[in-house]
């Protein structure tokens, strides 16, 4: 291992906090910053190094905070700037770093910039956003929004359309305007001067749009795709290098780009080029192996060979020339154990949740653990009226009312893939509302908090929580678990995911059974470091039990 390649952000473990659902300290039913501060010792106990906060800025909450109307303040529901300053100070006192969400592809339509922009065609802020004339009484092009419906809205005041790749209340910024880039640099400098330790940059590869904004290909949907003309666009690398040169390079920070529809080859440019842009990026290829029967929606399970192919491609593709984000779920994805594991029985739930931790977080990259994942929190089967997510509700309206999908089939899709699966309150204990709030929660808790909760698991050595602690401890104890190169084993096995990590004379081997069946395995792999079955439980060294994982170390 070349010591010059070592970095704190490679060796860290990140925990994503979705503040609205994490911990409510004042009984209003909404999580807040004092609630996050209260639980920092819990995160330290788990073995976390970095806390990533989803947006905490003032917002109308069209998209739960990803529609920002003031980048330099705190949403009153979450607390005050003084609360944020106390949280940051306490995190640093405990040896934890704090990373903020930076959402600068778009703002809220209630941001003062957009309020000014829509006033008139001559307003100084007009060019902060993307305005176009309509064509023959229709929008400027055929693009559809990520959240269903067209990607353009007509503004009656000036008779022009503005672009929004997400909700109509989330107008896209015009990064061609240097004043927009100046404003983004100013925002970053504001928070870095406060002492934050980096940014997770929301859909940062959307910020550059193709000249002329041409129509996108239609794929049997109601609209054309903006992806060929708005994702990894012509000037995106130029813009990111500018941000790095002007601001980020002056600080030792973690920068994480959320980059949907990005290839390994493109990722090398973002994270490993001669001119630095991002420390690492969040790619989505393994998130697209299931569902997706109708656009984003479906309930089709993944195939293990596909998962191995995709994860291995990213492991080998970025080795030595980039860095991976390792994640199973986040605020936009359903729960990992329900999706990639098996929550059908208590045994399968526990073992598969543990197995998933070892499988992914011992690969090369930085682990990103989403709140409740370390407890094995699961998807929730809400009734339609209990969903709060704009993406889910808009999709129901479009697919059921406009495209003829049955209510029953769409509910199946929502139960499998809705973002609200990840947004139910954190399950702290078995008291009312899972210990999240003393009031009425903004979204219902998953009823299984009575048996799946932090209080029940923290002091149970066999729990999912304890297993996560063991996995994160291995990363601290053995450099091979962080810096070792990756080699896939048994590529054609349809039950077992096996790989090795190699660094100098050390070889770490990880075996994971993704099935409910006993699965044969043979070979001498070294000293057993970790398994999710206890020693007193019957063991067949030539087979992995249902959802069993074993981690071995061989040192020459």
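Numbering (my numbering), first residue to last: 1 to 556.
Glycine included, every Cβ here is placed at the ideal spot set by N, Cα and C.
- For residue 152, there is no enclosing alpha helix (DSSP H); the residue is found in the beta strand (DSSP E) stretching over 152 to 155.
- Counting only runs that start and end inside the stretch 236 to 293, the beta strand (DSSP E) elements of at least 3 residues fall at 254 to 258 and 280 to 282.
- Within the same chain, Cβ atoms closer than 7 Å to the Cβ of residue 103 are found at 55, 66, 68 and 202, the five residues on either side in sequence being excluded.
- The stretch 424 to 432 makes contact with the stretch 449 to 457, as at least three CB pairs between them are under 8 Å.
- Across the set 541, 477 and 442, the C-alpha of 477 shows the shortest separation from the C-alpha of residue 47.
- DSSP, read as helix, strand or coil, puts residue 135 in strand.
- Check the Cα spacing between residue 166 and each of 71, 12, 146 and 77: the tightest is with 146.
- The beta carbon of residue 369 is closer than 6 Å to those of 15 in its chain, skipping five residues each way along the sequence.
- Annotation for residue 480: 501, 503, 506 and 508 place their beta carbon closer than 6 Å to its own, counting only its chain and skipping 5 residues before and after.
- The shortest CA-to-CA distance from residue 130 to any of 137, 118, 138 and 136 is the one to 118.
- Secondary structure of residue 396 (DSSP, three-state): helix.
- Rounded to the nearest angstrom, the gap between the Cα atoms of residue 21 and residue 158 is 39 Å.
- Ranked by Cα distance from residue 12, the options 362, 184 and 38 are led by 362.
- With 16 or more other Cβ atoms inside 10 Å of its own Cβ, residue 465 counts as buried.
- Apart from sequence neighbours up to five positions away, the residues of its chain that approach residue 187 with a beta-carbon distance below 8 Å are 71, 72, 102 and 104, ordered along the chain.
- In summary, residue 234 is exposed, with fewer than 16 beta-carbon neighbours lying within 10 Å of its beta-carbon over all protein chains present.
- Judged by their CB atoms, residue 377 and residue 335 are nearer to each other than the 8 Å cut-off.
- Boundaries for residue 417: no beta strand (DSSP E) harbours it, while the alpha helix (DSSP H) harbouring it runs 407 to 417, taken from the DSSP string.
- Residue 514 sits close to residue 495, with the two beta carbons spaced by under 8 Å.
- A straight-line Cα-Cα distance of about 19 Å links residue 28 and residue 81.
- Residue pairing from DSSP places residue 512 in a beta bridge opposite 497 and 549.
- Collapsing the DSSP output to three states places residue 317 in a helix.
- About 38 Å separates the beta carbon of residue 364 from that of residue 223, a gap too long to meet the 8 Å contact definition.
- The beta carbon of residue 341 lies closer than 6 Å to those of 352, 353 and 356 in the same chain, with the five residues before and after it left out.
- For residue 377, the three-state secondary structure derived from DSSP is coil.
- A buried status is given to residue 208, since no fewer than 16 other beta-carbon atoms sit within 10 Å of its beta-carbon.
- With respect to residue 40, residue 94 sits close: the two C-beta atoms are nearer than 8 Å.
- At a Cβ-Cβ threshold of 8 Å, residue 325 and residue 366 count as neighbours.
- Collapsing the DSSP output to three states places residue 123 in coil.
- Inter-residue distance for residue 277 and residue 197 is about 16 Å (C-alpha atoms, whole angstroms).
- DSSP places residue 443 outside both helix and strand once states are collapsed to three, so it counts as coil.
- Using a Cβ-Cβ distance cut-off of 8 Å, the stretch 210 to 219 and the stretch 236 to 251 are not in contact, since fewer than three pairs of beta carbons, one from each stretch, lie closer than that value.
- In the three-state scheme derived from DSSP, where H, G and I count as helix and E and B as strand, residue 455 is classed as helix.
- Residue pairing for residue 555: DSSP places it in a beta bridge opposite 506.
- Residue environment analysis places residue 474 among the buried positions, since at least 16 neighbouring C-beta atoms fall within 10 angstroms of its C-beta.
- Bridge partners of residue 309 according to DSSP: none are assigned.
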